[in-house]
Each structure stands twice: as structure tokens, then as C-alpha cells.
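**Q** Below are the C-alpha cells for one structure; questions will follow.
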Amino acid sequence: MTDLEQERWNLDQVQRMTADYSEATGLASVIVEARGVPVAAPCAFTEFCQAMRSDPVRAKLCESCDAHGGLQSLIEQSPRIYRCHAGLIDFSVPMMEGDKYLGAIASGQVRQTDDADQPQYLTTGSTWQDDPRLVELYNQVPVYSRRRIIAASETLLGLSKSAGLVNKCPIFNLPTRSGSRAAETVHPERTQPQFQLLTQIVSADDESGSRTVSEHHAALRDALTAENLDEAFIQGMRPAVSAIVSASVYRGAQNL
Numbered sequence: 425m426t427d428l429e430q431e432r433w434n435l436d437q438v439q440r441m442t443a444d445y446s447e448a449t450g451l452a453s454v455i456v457e458a459r460g461v462p463v464a465a466p467c468a469f470t471e472f473c474q475a476m477r478s479d480p481v482r483a484k485l486c487e488s489c490d491a492h493g494g495l496q497s498l499i500e501q502s503p504r505i506y507r508c509h510a511g512l513i514d515f516s517v518p519m520m521e522g523d524k525y526l527g528a529i530a531s532g533q534v535r536q537t538d539d540a541d542q543p544q545y546l547t548t549g550s551t552w553q554d555d556p557r558l559v560e561l562y563n564q565v566p567v568y569s570r571r572r573i574i575a576a577s578e579t580l581l582g583l584s585k586s587a588g589l590v591n592k593c594p595i596f597n598l599p600t601r602s603g604s605r606a607a608e609t610v611h612p613e614r615t616q617p618q619f620q621l622l623t624q625i626v627s628a629d630d631e632s633g634s635r636t637v638s639e640h641h642a643a644l645r646d647a648l649t650a651e652n653l654d655e656a657f658i659q660g661m662r663p664a665v666s667a668i669v670s671a672s673v674y675r676g677a678q679n680l
């Protein structure tokens, strides 16, 4: 990542937020730029995913999944749950600077208990099952229920709106939708806003100014109060999420 790209991100805050989120949920997390390349060190990656990414060819497939997931979440204006090329469940929320798409927060790296309700692949699946070591590590990947995955994705959306991850600008200003749920399919009938993809960093002179940030905790509140989520997960997440949000807001204020 170039120096100009680094200036776009509050890297200390990025690392703290993803580390706190992974500690609270037990899920892997990483913030990536528009091409799927990590902005900071990943957190809580499974041994399976670490082994997959140690192969340069497979690592490119992993980055492609992160890139596609982020773009799809931008289009759908909600967390996007999908299956990566290796078959694990991931989800993404987009990162914005005004109307420019900077990248995404990707999380997941779990298997799902509900075999009949598996998310779709966003890219072509890869072949790795002929490697006994990878098969062994895959079988050790944590298994989450469908409802718990949805709750975690909505929680991540709330955190992405609260932490000052991008320097000198609001980080997420898409329209807030009441009662939003994690999306899995594209709805072509929905009118979509026009966004500019930012694959190369622009200078400060090109910036058009900041906009009003959406209500910070709407998605987080929805995730924590939805009646059809696993009660045990909700009860366990509430204090941890509150602590992360409070710490993120405090740290952001210190940086002003």
C-alpha cells in the first residue's frame, strides 16, 4: 500500500476496531481496499484461511472474494453474506468517503449449521480438497447458526459507522433503511444511487467535502433487539459491543 493510500486510513483505529470486534465475536475480520488487499493486519484468521492465503494463487482468490463481497454490499446497501471460493461463510460491509468507495470490512470464516440455507458463491469455487492438511484444517473451522451469522453482520455494520476508520471524512453515508436485514440477493427493481469507485487515491484538492453521517447505531440496535436472533448470542454480545462502541467513540474524539 502506498503512502497516499495509508493517509486515507486511520490505521491505528482500524487495527483496534477489528481486534476488539474479533475478540468479542470470535470471528475473523480484516479491512480491505477496493481490490481486496488488506489495509491492516488481519485479526483472528482461522488456520485454514491462513494456510490458504500462504499460497500466492489461492491468496488472490481470497482477495477476489473480499473485493466482490465489498462491492456487493455497496450495491445492496446492507451487509452481504456469501460463500467464499473455499466454501466458508463470509460477510462484508462497505467503507465510503463521500460517494467514493474505498473498500470493505470483511468478516466470517465459519461454516454454517443450516445446510439447506447456504449463501451463494460470489466467485467460482476452488479445488483444495485433494490436500489432506487443508481438509483437516477445514474440519476445524467453527460452525455458526444462520441467525448468529446475521446478528454478527448487523453488529459489524453498526461498528463501521461508529469508528473513525477513514481520516478527515465520514466513513459511511449510505441511506439508512429501517429494519434492514443482511442481504443475499440483488434486487434490480430497487433504485440504486450512483457511486464512484476509488481504486486510486485522489489529492485533497479533489475532495468535494463531507456529508452528514447516517444515524450511528441504527443497525447495531436492530441487530441487538431483533426477536428472532439467538438469545444467548444477544445476551453475550450486548456488553462487549457496548464497550467497543464506547471505546471507538472515545478514541475518535481524541483524534479530533
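Heads up: the sequence shown begins at 425 in the working numbering, then just goes up one per residue. All residues carry an ideal CB built from backbone N, CA and C; glycine is no exception.
Are the stretch 512-528 and the stretch 567-586 touching by the rule of at least three beta carbon pairs closer than 8 Å?
**A** Yes, they touch.
**Q** Between A464 and Y525, how many whole angstroms is the CB-CB distance? I'm expecting something under 8 Å.
**A** The residue you call residue 464 lines up with position 40 of the sequence shown. The residue you call residue 525 lines up with position 101 of the sequence shown. Actually they do not touch by this definition, with Cβ atoms about 18 Å apart.
**Q** The alpha helix (DSSP H) with L546 in it runs from where to where?
**A** Residue 546 sits at position 122 when you count from the first residue of the sequence shown. No alpha helix (DSSP H) contains L546, which DSSP labels as neither H nor E.
**Q** Evaluate G460 with the Cβ neighbour count: other Cβ atoms within 10 Å of its Cβ, from every protein chain shown; 16 or more gives buried, anything less gives exposed.
**A** In the sequence shown, counting from the first residue as 1, residue 460 sits at position 36. It counts as buried.
**Q** With a threshold of 16 other CB atoms inside 10 Å of the CB of D490, please say whether the residue is buried or exposed.
**A** Position 66 of the sequence shown, counting from 1, holds the residue named residue 490. The residue in question, D490, is buried, as its Cβ has 16 or more Cβ neighbours within 10 Å.
**Q** Going by DSSP, what residue range makes up the alpha helix (DSSP H) through D514?
**A** Against the sequence shown, residue 514 aligns to sequence position 90. Careful: D514 lies outside any alpha helix (DSSP H), inside the beta strand (DSSP E) at 513-521.
**Q** Looking only at C-alpha atoms, which of Q553, C473, T449 sits nearest to E578?
**A** On the sequence shown, position 154 is the one that residue 578 refers to. Nearest option by C-alpha distance: T449.
**Q** Would you call Q544 buried or exposed, if buried means 16 or more other Cβ atoms sit within 10 Å of its Cβ?
**A** If you number the sequence shown from 1, residue 544 lands on position 120. By the neighbour-count rule (16 or more Cβ atoms within 10 Å), Q544 is not buried but exposed.
**Q** Using 8 Å for Cβ pairs, my map puts G522 next to L451. What's the rounded Cβ distance?
**A** Within the sequence shown, residue 522 is the residue found at index 98, counting from 1. Within the sequence shown, residue 451 is the residue found at index 27, counting from 1. About 29 Å separates the two Cβ atoms, so there is no contact after all.
**Q** What first and last residue would you give for the alpha helix (DSSP H) that runs through Q553?
**A** One-based indexing of the sequence shown puts residue 553 at position 129. It is not in any alpha helix (DSSP H) - Q553 carries neither H nor E in the DSSP assignment.
**Q** Alpha helix (DSSP H) containing S446: first to last residue?
**A** Against the sequence shown, residue 446 aligns to sequence position 22. Start and end: 435-449.
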